[in-house]
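Chemist:
Numbering (my numbering), first residue to last: 213 to 601.
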């Protein structure tokens, strides 16, 4: 079932018709192409050109000169405006040059997608500095997930994640697992191995599996290096860091740094990684329902990103706040847990929040709890309800 991704369309809509390039980025197959098509449909102009550069028929256009020649042969300079929609633009060599040329020399409104965060650095910054606005697209939220079928539960979302195509196969786990494995290998081979010219694919996959197994836990490149050494794979921490960075730039993993809430400063150690779609974790290593607490944390992290927050991991001495989320000069603090039943668990989850000396909102999100309502001014809410709020 195709759904309107209203949250993203609402973000992009104010920039339609403005002299600024709209850059839509995110994990491969997370729904960027659909949003591009929905924008094209909403604009509804006859003066529109849509090209997907992963379509083999468009391969002859994958250089700056050939693409420029093709587009300028179509565009009528007397026409009020041409709307250009370019999907997976990174497949075009020196694409930045042609995009800038089309923007400067013709009356165009340009929308592009890509599967790598480097799309927004290097050449792009040189050619069109200050002339683009970017939007990061994530797989389906829990709310969007429920809109695709009447027969889905929160447990289904925990297990299968939110890759949009799964709705086309009715979330049949036999097929969805195979599809998610294919997505994973596509991201690894096309967006990471090929783009970063990685030779040791086995090492890369070992590092990714380690990260997927340890989402929500603090670890470093050095700790992975030591782990691999115990497995008779000698690798320098710098190499591990480069591989993790490639995964991050390809939107497979999200990295959050730690912040000392007492000293009011960022920490250079104790980073956390989360996966952009927890269904990929299930497909690669399984056990999402067994490791439900870290999956819940992953789900909350991605939802906070969808809602426009910048995230850090909070530190108060040796204690941790799962997320310090900032937006528009304000903060919220969020703890995530599966069971909030025993007194010791309740004390652990609330004590760190109570020690924070400011008036920003504080949340404890849980799956099951022995009590209802707030706790000493801290907002308590079931995770699935919060996701739908």
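Just so you know, even glycine gets a beta-carbon here, dropped at the ideal spot from N, CA and C.
As the structure is a prediction and not an experimental result, all values here were calculated from the model.
Less than 8 Å between the beta carbons of residue 224 and residue 347, yes or no?
Modeler: yes
Chemist: Can you tell me which of 350, 231, 286, 295 puts its alpha carbon nearest to the alpha carbon of residue 488?
Modeler: 350
Chemist: From the DSSP output, in three-state form, read off residue 239 for me.
Modeler: coil
Chemist: Write down the C-beta distance between residue 486 and residue 466 rounded to the nearest angstrom, noting that I regard them as a contact closer than 8 Å.
Modeler: 5 Å
Chemist: In whole angstroms, give me the CA-to-CA distance for residue 353 and residue 510.
Modeler: If you take the alpha carbons of residue 353 and residue 510, they lie about 12 Å apart.
Chemist: Residues in the same chain with beta-carbon distance under 7 Å from residue 248, minus the five sequence neighbours each way, listed in chain order, please.
Modeler: 236, 297, 299, 323, 325
Chemist: Which term fits residue 561, buried or exposed, when burial requires 16 or more other beta carbons within 10 angstroms of its beta carbon?
Modeler: Buried is the call here.
Chemist: What are the uninterrupted segments assigned as beta strand (DSSP E) that are 3 or more residues long and contained completely in the stretch 316-367, given in chain order?
Modeler: 320-326, 344-349
Chemist: With DSSP as the reference, label residue 283 as helix, strand or coil.
Modeler: helix
Chemist: Helix, strand or coil: which one does DSSP assign to residue 479?
Modeler: strand
Chemist: Among the residues of its own chain, which have a CB less than 6 Å from the CB of residue 217, if the five just before and after it don't count?
Modeler: 247
Chemist: Suppose the cutoff is 7 Å on Cβ atoms and the five residues either side in sequence are ignored; what does the same chain contact list for residue 358 look like?
Modeler: Once the five neighbours on either side are set aside, the close Cβ partners of residue 358 are 364.
Chemist: According to the Cβ coordinates, are residue 568 and residue 473 closer than 8 Å?
Modeler: yes
Chemist: By the 10 Å Cβ neighbour count, where 16 or more other Cβ atoms means buried, how is residue 531 classified, buried or exposed?
Modeler: exposed
Chemist: Closest to residue 545 by C-alpha separation, out of 553, 529, 570, would be which residue?
Modeler: Checking every option, the nearest Cα to that of residue 545 belongs to 570.
Chemist: Between which two residues does the alpha helix (DSSP H) containing residue 413 stretch?
Modeler: 413-425
Chemist: Starting from residue 491 and walking both ways along the alpha helix (DSSP H), at which residues does that stretch end?
Modeler: 490-496
Chemist: Once the 5 residues before and after residue 315 are set aside, which same chain residues still bring their CB inside 8 Å of it?
Modeler: 231, 233, 322, 340, 343
Chemist: Pull up the distance between the alpha-carbon of residue 500 and that of residue 491, whole angstroms please.
Modeler: 8 Å
Chemist: Quick check: what's the CA-CA separation for residue 267 versus residue 601?
Modeler: 39 Å
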